[in-house]
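Numbering (the working numbering), first residue to last: 84 to 181.
Listed below in structure tokens is the structure:
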């Protein structure tokens, strides 16, 4: 199961995605691949728009980062949250918001 959390702490978005979905074997897990793609695109968008990504941590089954809250990052993070939430509705046994 993959859990994700998106919250605002001290005027920064705090994003945490952890755990393995277990949907399929490594290399064939479309749910895991979708999550990884969504989060990587989000981090790259924030960086490419020139905003800071803080405390980026990537480990096996774990990714977290922080970024400042502003009009642009609100849209980017909201899109990530909507997409992850949509995925969790499609695959409720494999991903959930905490």
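Backbone N, C-alpha and C fix where the C-beta goes; we use that ideal spot for every residue, glycine too.
Collapsing the DSSP output to three states places residue 125 in a helix. The Cβ-Cβ distance between residue 129 and residue 150 falls below 8 Å. Spanning the alpha carbons of residue 106 and residue 125 requires a straight line of approximately 23 Å.
Leaving aside the five residues that flank residue 122 on each side, the residues in its chain whose CB is nearer than 6 Å to its CB run, in chain order, 100 and 146. Here residue 102 has 84, 85, 86 and 144 as same chain residues with Cβ atoms under 7 Å from its own Cβ, once five neighbours each way along the sequence are excluded. DSSP places residue 156 in the uninterrupted alpha helix (DSSP H) bounded by 154 to 173.
Per DSSP, residue 86 is one residue of the beta strand (DSSP E) stretching across 85 to 92. Residue 138: member of the beta strand (DSSP E) spanning 136 to 142, first to last residue. Residue 116 and residue 104 have their C-alpha atoms some 10 Å from each other.
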